[in-house]
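Chains as they are written, first to last, in my numbering: chain A, -19 to 203; chain B, 36 to 200.
In this text, a Cβ means the ideal position worked out from N, Cα and C, and glycines have one as well.
Values in this document were obtained by computation on a predicted structure and should not be read as measured data.
Data first, discussion second: the structure below is written as structure tokens.
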Amino acid sequence: MEEATIKKIWEDSTRQLERARVLNLQSWALNLRSFEMMQLQKAKSRLHALVPLKLFAVVAGIVWVLFLGLLVYGNRMANPFFTISVAIIALFNLLAIVVYLRHVVWIRQISYSESVVATQEKLSRLQVSTINTVRILMLQMPFYATWFWHISWIGTARFWLISFPAALCCAWLSYWFFKNLTLRNMDNKWVRRFMLLGPEYRNLLQAKAMMEETISFRENTVE
Amino acid sequence: MGKTESKEDLLTLVQANEGIIYKICHTYCTLPDEREDLAQEILYQLFRSYKRYDPAYRFTTWMYRVALNTAISFYRVAQQKRGIIALEGTHAEIADPDPGDGEHGLDVLHRCLAQQKELDKALMLLYLESKSYKEIAEIMGITETNVATKISRIKEKLKHAFHQH
């Protein structure tokens, strides 16, 4: 079929749609309050609904880090294992807070007025970067197995048979997650099982697909 | 310009170009309910993005950008039911066009559109709308050369789809 005929089919169908005028914008135009109401309800818009969630995580994170800071200050190396472990946990949480704050800035910068590819790319990057927060937080895992250690334990068999191997296991697990919890490994059986525990997995898969689509869309390859 | 005047300006412009919303809703949603939700979401996004409208671009270029960005994002999360407010005293209802002589051709066209990925779908729609390469490049954010390459592929796809039926 000729190009002109195909376009004619499209034009005819869209003319029918426009003739129907079923969207009734005229009525909406008379009711500007509806738009005011929509603005008030903007939290329902999916993207901006993320802002309060991220901000809540930031506030909760700050409270948690302050609490950990107080513990570190209170202990003041009385038990070096406790002080160092808690300080490192606080540091990783602080990093996660920074990532969350960066997300809030990104969300505020995303505008649907920009070109389609640029906007969709930013949206996908925002979604896929959530995986980095999980990776950072995973790194604190071994320190949850060391904060209660005491210098007097080191000579005991219980320490070398239970506490130390448990901490090593946690360290290996946290390293494994940090190394493997990447977009590239989303199809890995164990990564998938772990990610399925959270609600973000499907979003991440969609975002990954869209990011790949935007990258290939930008490429100007002649077949 | 006052806030209300500017809103009224926007509504007048949107009304003059409302066909864009119909076409995008039809391209990205198959279910009438989804089309209604998408139309509302597009109108909402147009309203909240208007302050960022750059008059250096044509209004329709901006409207296509906002509407397509909204539709693609909407399409991606269509499975996750969202709460969208019902507009007081109004009801957006975007029905299917009446079947006519070109029904078969239109069916093939819609099927071909439905098979495309989100960005290719947008490009195909803009091509069918006979937009210039320059305007398509501005809406999509790719080079004119890239647009030309992709359009030639789209033409092939369409030809192939119509040949098969």
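I'd like to know whether the C-beta atoms of A/Ala146 and A/Ala125 end up nearer to each other than 8 Å.
yes
Compute the distance between the beta-carbons of A/Gln186 and B/Arg111, then report whether it is under 8 Å.
yes
Could you tell me whether the Cβ of A/Thr162 comes closer than 8 Å to any Cβ of chain B?
With a threshold of 8 Å between beta carbons, A/Thr162 makes no contact with chain B.
List, from N- to C-terminal side, the alpha helix (DSSP H) runs of 4 residues or more that fit wholly inside the stretch 91 to 174 of chain A.
96 to 108, 110 to 118 and 144 to 160
Cα separation between B/Ile171 and A/Ser95?
10 Å
Alpha carbon of B/Asp44 to alpha carbon of A/Lys188, nearest angstrom:
38 Å
Nearest candidate by alpha-carbon position, reference A/Ser104, set A/Val114, A/Leu119, A/Ile116 and A/His83:
A/His83
Of the listed residues A/Lys(-13), A/Ile42, A/Val45 and A/Asn59, nearest to A/Trp133 (C-alpha basis)
A/Asn59
Which residues of the stretch 79 to 99 of chain A have a Cβ closer than 8 Å to any Cβ of chain B? Give them in chain order.
Ser91, Tyr92, Ser93, Glu94, Ser95, Val96, Val97, Ala98 and Thr99
Does the stretch 152 to 165 of chain A come into contact with the stretch 135 to 144 of chain A, if we say contact requires no fewer than three beta-carbon pairs (one atom in each stretch) closer than 8 Å?
no
State yes or no: is the C-beta of B/Thr105 within less than 8 Å of the C-beta of A/Tyr92?
yes
DSSP three-state assignment for B/Tyr85, whether helix, strand or coil
Helix.
Can you tell me which of the three DSSP states B/Ile120 falls into?
For B/Ile120, the pLDDT reaches just 38, beneath the cut-off of 50, and the residue's location in the model is therefore unreliable, although a value from the coordinates is still provided. Looking at B/Ile120 - three-state DSSP - the assignment turns out to be coil, as it is neither helix nor strand.
Return the CA-CA distance between A/Met166 and A/Phe174, expressed in angstroms with no decimal places.
Approximately 10 Å, taken between the alpha carbons.
What in chain B is Cβ-close to A/Val109, meaning under 9 Å?
Here the sequence assigns Ser to residue 109 of chain A, which means Val is not the residue at that position. None at all; the shortest Cβ gap to chain B is about 17 Å.
Among A/Ala40, A/Trp127 and A/Thr(-15), the one whose alpha carbon lies nearest that of A/Met57:
The alpha carbon of A/Met57 has as its nearest neighbour, out of A/Ala40, A/Trp127 and A/Thr(-15), the alpha carbon of A/Trp127.
Just how far apart, CA to CA, sit A/Leu81 and B/Lys194?
49 Å
Is B/Ser167 close to chain A, meaning its C-beta is less than 8 Å from at least one C-beta of that chain?
no
Distance CB(A/Phe61)-CB(A/Trp129) smaller than 8 Å
Taking the C-beta atoms as reference points, A/Trp129 is found nearer than 8 Å to A/Phe61.
List, in order along the chain, the chain A residues whose C-beta lies closer than 9 Å to that of B/Tyr88?
Those are Ser93, listed as they occur along chain A.
Please identify the residue among B/Gly140, B/Ile186 and B/Gln151 whose C-alpha is closest to the C-alpha of B/Lys166.
B/Ile186
If the cut is a Cβ gap below 8 Å, which residues of chain A does B/Glu153 touch?
Gln100, Met190 and Glu193
Close-in-space but distant-in-sequence residues of the same chain around B/Gly135 (CB under 7 Å, 5 per side omitted):
Unreliable placement is indicated for B/Gly135, whose pLDDT of 49 sits below 50; the coordinate value is still reported in the next sentence. Once the five neighbours on either side are set aside, B/Gly135 has no close Cβ partner at all.
So, using beta-carbon positions, are A/Val66 and A/Leu48 closer together than 8 Å?
yes
Run of the alpha helix (DSSP H) containing B/Leu66, from where it starts to where it stops
Note, B/Leu66: premise wrong, no alpha helix (DSSP H); not H, not E.
Minimum Cβ-Cβ distance from B/Ala149 to chain A less than 8 Å
no
B/Ile56 vs B/Ala74 beta-carbon contact at 8 Å
yes
Residue from B/Tyr85, B/Leu154 and B/Asp89 whose Cα sits closest to the Cα of A/Glu199:
Closest by alpha carbon: B/Leu154.
Closest to A/Leu(-3) by C-alpha separation, out of B/Thr47, B/Thr62 and B/Gln150, would be which residue?
B/Thr62
Spell out whether any CB of chain B is found under 8 Å from the CB atom of A/Thr63.
no
Would you mind working out which of B/Tyr85, B/Ile59 and B/Glu53 sits nearest B/Lys42, comparing C-alpha positions?
B/Lys42 has its Cα closest to that of B/Tyr85, out of B/Tyr85, B/Ile59 and B/Glu53.
Exposed or buried, which one is A/Gly135 when buried takes at least 16 other CB atoms within 10 Å?
Answer is exposed; the Cβ neighbour count stays below 16.
Where B/Lys169 falls, given that 16 or more other Cβ within 10 Å makes a residue buried
exposed
Contacting positions in the stretch 91 to 106 of chain B - beta carbon closer than 7 Å to chain A
Trp97, Arg100, Val101, Leu103, Asn104 and Thr105
Mind checking the stretch 51 to 65 of chain B against chain A and listing, in chain order, the residues whose C-beta falls within less than 8 Å of any C-beta there?
Glu53, Gly54, Ile56, Tyr57, Lys58 and His61
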